[in-house]
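Report on one structure; see the data block that follows.
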Amino acid sequence: MRGWLKATIALVVLSGLLVGADRIAVGVAEDEAADQLVKSGQMSRRPDVTIEGFPFLTQVVSKKLDDVRISSDGLTVRNDGQQVALHSFRAKLSGVEVSDSLNSATVDSGTGSGVISYQDLAQLLPPASQLMGGAPLPGGGNSRLSLSYGGPGKVKASLGPVSVGEATVHNEGNTITVDGLKLSSLAEMFAGLTNRKVEPASFTLDSMPAGLKLAAKDGVTPLPEGLQLSFEGKGVKLLG
29 MRGWLKATIA
39 LVVLSGLLVG
49 ADRIAVGVAE
59 DEAADQLVKS
69 GQMSRRPDVT
79 IEGFPFLTQV
89 VSKKLDDVRI
99 SSDGLTVRND
109 GQQVALHSFR
119 AKLSGVEVSD
129 SLNSATVDSG
139 TGSGVISYQD
149 LAQLLPPASQ
159 LMGGAPLPGG
169 GNSRLSLSYG
179 GPGKVKASLG
189 PVSVGEATVH
199 NEGNTITVDG
209 LKLSSLAEMF
219 AGLTNRKVEP
229 ASFTLDSMPA
239 GLKLAAKDGV
249 TPLPEGLQLS
259 FEGKGVKLLG
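Residues 29 to 268 (the numbering used here) make up the sequence shown, in order.
Now the structure itself:
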């Protein structure tokens, strides 16, 4: 009985040591992966990286991580040099094949999301005068539309204190388009314009986090807090 008890205690202690070693190893790997993502240019700021699954060491032996989570609240995206914040970025990467030194990694598939505020979204659009055929507007040629949530699938736009109407937002690849705006009679009077069509406003994001791209379907969704971007990718080169 005493021998059995000693063997049981030894097994528990050994198991605890193995679990501890596994958790230490995964912590080191998560820190190294976060550093490598910044060095590779895939992330504009050091993210939080979590490697799911237990045990971690068996995944290391196979050189394939089943589930990697990435998050950050301080990333940025760009359009032709104009940089804006991407809030609440979260991504799930499945089937991450890694090298021994974590210098290279490819992802079988990945999904993610993040939010651009409406104030920042407006900065990515062309000046309002350009959207209206170059017509002079109150406030000068650099006046921009103000955007806000307009309900499911829509945003509201205004020019100064005057509403310009509602618009839909959609994407084709990494190009996002705000479309369907029309000047109301009050807006025409305020701006000194008549029968003026508001052209669709488009911009293309040229820097995407973790090597992902905008989802082909429902890649952009207006929310009360801003425009949500949905990301996806297959066969993504994450590092190296």
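Quick reminder that beta carbons are idealized off the backbone N, C-alpha and C, glycines included.
- If you draw a straight line from the Cα of Pro154 to the Cα of Ser127, it is about 44 Å long.
- Closest in alpha carbon position to Ser171, among Ala150, Pro180, Gly181 and Gly178, is Ala150.
- With contacts defined as CB atoms closer than 9 Å, Ser141 and Ala113 fail to qualify as a contacting pair.
- Distance from the CA of Gly188 to the CA of Ala156, rounded to the nearest whole angstrom, comes to 11 Å.
- Annotation for Ala150: the continuous alpha helix (DSSP H) segment containing it runs Tyr146 to Leu152.
- Around the beta carbon of Asn131, fewer than 16 other beta carbons lie within 10 angstroms, which makes this residue exposed.
- Runs of the beta strand (DSSP E) spanning 3 or more residues and lying entirely within the region 89-136 occur at 92-100, 103-107 and 110-126, in chain order.
- Ile79 is the residue among Ile79, Asp101, Gly102 and Ser235 whose C-alpha sits nearest the C-alpha of Lys91.
- Taking 8 Å as the upper bound for CB-CB distance, Leu85 and Ala53 are in contact here, some 6 Å apart.
- Separation of the CB atoms of Thr196 and Gly179 is rounded to 11 Å, and the pair is thereby denied contact status at 8 Å.
- For the pair Phe259 and Asp108, the CB atoms are not nearer than the 9 Å cut-off.
- Collapsing the DSSP output to three states places Val226 in coil.
- Minimum Cα-Cα distance from Leu65 among the listed residues Pro237, Gly261, Ala243 and Lys241 corresponds to Pro237.
- Between the alpha carbons of Val77 and Leu121 lies a distance of about 11 Å.
- Sequence-distant partners of Lys182 (beyond 5 residues in either direction) whose C-beta falls short of 7 Å from its own C-beta, in its chain, are Glu194, Ala195, Thr196 and Pro250.
- Around Ser137, the same chain offers Ser122 and Lys262 as residues with beta carbons nearer than 6 Å, after the five sequence neighbours per side are excluded.
- The three-state reading of DSSP puts Leu65 in helix, counting H, G and I together.
- DSSP, read as helix, strand or coil, puts Ala57 in helix.
- Gln87 carries a helical assignment under DSSP once its states are collapsed to helix, strand and coil.
- For Phe82, the number of other beta carbons within 10 angstroms of its own is below 16, and it is reported as exposed.
- Only residues of its own chain outside the window of five on either side were considered, and among them Ser258 have a CB closer than 7 Å to the CB of Asp246, listed in chain order.
- With a contact defined as Cβ atoms closer than 8 Å, Val248 and Leu255 qualify at about 6 Å.
- Taking every protein chain shown into account, the CB of Gln147 has fewer than 16 other CB atoms within 10 angstroms, so this residue is exposed.
- Contact check for Ser235 against Ser72 passes: the beta carbons are separated by less than 9 Å.
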